[in-house]
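Peer 1: Sharing a structure, written as C-alpha cells. Questions coming.
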Amino acid sequence: MSRVLNEALAALFRARIGPDPIGGEAARVLAAWPTDWAAPPPQGGAPHHASRHLARALAADGPDPDLRRTLQDVAALLPWRYSYPARADGADLAADIAFAELIGPRGWAGSPAIRVGLTLIGPDTYYPLHSHPAVELYAVLSGTAEWTADREVTARPPGAWVLHEPGTPHAMRTGASPLLAVYSWTGDLKSPSIYVE
503 MSRVLNEALA ALFRARIGPD PIGGEAARVL AAWPTDWAAP PPQGGAPHHA SRHLARALAA
563 DGPDPDLRRT LQDVAALLPW RYSYPARADG ADLAADIAFA ELIGPRGWAG SPAIRVGLTL
623 IGPDTYYPLH SHPAVELYAV LSGTAEWTAD REVTARPPGA WVLHEPGTPH AMRTGASPLL
683 AVYSWTGDLK SPSIYVE
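The following block contains the structure:
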C-alpha cells in the first residue's frame with residue numbers, strides 16, 4: 503500500500519509543475535522525493551480527536567480520486583498529531599486540527615530535504631495566524647475554506663493550490679465542511695510552526 507500512496511502523492515505534485523511560483527515549488531518538492539517507503543507502522547492507542555472528520559472529508563466531491571481512494575484505504579494508519587502548545591485563550595484546537603506527516607523526519611518515507619503530509623481541519627474551525635521559516639505548498643483536496651495570507655482573505659476550493667513563502671503569517675477558517683489538504687515544506691524543516699496571534 504505504501505508504494506500506491508507514494509505514487510498517488512507524487513502524481514499530484516507532478517501534475518502541477520509549471521513556470522509559475524507554485525509550479526516551481528512543486529518541481530522542487532519532486533526533485534527531493536524519496537525512493538524508499540517503509541510499510542506504514544500500525545498505530546497504537548486511540549485515534550487523534552480530529553481524525554473523526556476524515557471520512558467526511560474523503561467522501562466529499564473533489565479532485566484526485568485515486569489519491570482520495572488510497573487515503574481511504576490507509577485511513578486507520580495515518581499518523582495524526584497536533585504539535586502546537588495549548589493556547590492562552592483556551593481554544594481546544596487539538597480537537598479539530600491535525601497533521602499527518604508521510605514524508606520527512608517523522609514520515610513513512612524519511613527525507614532530510616522535504617516534508618509532505620496531510621492537514622485536516624474540522625468544520626467551523628479557525629486555524630489562527632501562524633508562520634514558519636519553511637516554504638509551504640498546499641493542494642486542497644476537500645472543503646472550501648477562507649485562507650488568509652498577508653492580510654488578504656481568499657476562498658480556496660478543492661483543486662486550489664496555495665503557496666506560503668518563508669515567514670508569511672497565514673490562517674485558515676473552515677465553514678460547514680472539513681478541510682483536507684496535502685502540504686509540503688522545503689527549506690528550513692527543523693524550525694516549528696508558531697502561532698503569531
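Sequential numbering from 503 applies to the sequence shown in the working numbering. Cβ coordinates follow ideal geometry from the N, Cα and C atoms, glycine included.
Counting only beta-carbon separations shorter than 8 Å, does L595 have a partner in chain B?
Peer 2: Checking the listed chains, one finds no chain B in this structure; it contains a single protein chain.
Peer 1: Is the stretch 556 to 571 touching the stretch 659 to 673 in the sense that three or more CB pairs, one from each, lie closer than 8 Å?
Peer 2: At 8 Å Cβ cutoff, the stretches touch.
Peer 1: Residues in the same chain with beta-carbon distance under 6 Å from R570, minus the five sequence neighbours each way, listed in chain order, please.
Peer 2: Within the same chain, R570 has close Cβ partners L560.
Peer 1: Mapping the DSSP letters down to three states, classify T650 as helix, strand or coil.
Peer 2: Strand, per DSSP.
Peer 1: Could you check what DSSP says for T537 in three-state terms: helix, strand or coil?
Peer 2: Three-state result, T537: coil.
Peer 1: Determine the contact status of T676 and G645, defining contact as a CB-CB distance below 8 Å.
Peer 2: Yes.
Peer 1: Between the C-alpha atoms of T656 and I524, what's the straight-line distance to the nearest angstrom?
Peer 2: If I take the Cα positions, the gap works out to 16 Å.
Peer 1: On the DSSP bridge assignment, give the partners of I599 in chain order.
Peer 2: Per DSSP, I623.
Peer 1: Within the continuous alpha helix (DSSP H) that includes V506, where are the two ends?
Peer 2: Note, V506: alpha helix (DSSP H), 504 to 516.
Peer 1: For a test of the three-state rule: what should DSSP assign to P589, helix, strand or coil?
Peer 2: It is worth fixing the name first, because residue 589 is Arg in this sequence and not Pro. Looking at R589 - three-state DSSP - the assignment turns out to be coil, as it is neither helix nor strand.
Peer 1: Under the three-state reduction of DSSP, which class applies to T670: helix, strand or coil?
Peer 2: Coil.
Peer 1: How long is the line joining the alpha carbons of R540 and L682, rounded to whole angstroms?
Peer 2: It is worth fixing the name first, because residue 540 is Ala in this sequence and not Arg. Looking at the two C-alpha atoms, the distance is approximately 24 Å.
Peer 1: Should G645 be counted as a contact of the ligand NAP given a C-beta to heavy atom distance under 7 Å?
Peer 2: Absence of the ligand NAP is noted for the structure shown, with no ligands found whatsoever.
Peer 1: Report yes if the CB atom of H457 is closer than 8 Å to the CB atom of A596, and no otherwise.
Peer 2: Nothing can be reported for residue 457, as the shown portion of the chain is limited to 503 through 699.
Peer 1: First and last residue of the alpha helix (DSSP H) that includes L681?
Peer 2: Careful: L681 lies outside any alpha helix (DSSP H), inside the beta strand (DSSP E) at 681 to 688.
Peer 1: For D598 and M674, what's the separation of their Cα atoms in angstroms?
Peer 2: Between D598 and M674, the C-alpha separation is close to 12 Å.
Peer 1: I think V684 touches L643, with their Cβ atoms under 8 Å apart; what is that distance to the nearest whole Å?
Peer 2: The Cβ separation is near 6 Å, so the contact holds.
Peer 1: Which of the three DSSP states, helix, strand or coil, is assigned to P694?
Peer 2: Here P694 sits in coil by DSSP.
Peer 1: Is the Cβ-Cβ distance between S686 and L622 less than 8 Å?
Peer 2: Taking 8 Å as the Cβ cut-off, S686 and L622 do not qualify as a contacting pair.
Peer 1: If A636 sits next to D690, beta carbons under 8 Å apart, how far is it from one beta carbon to the other, in whole angstroms?
Peer 2: About 5 Å separates the two Cβ atoms, so the contact holds.
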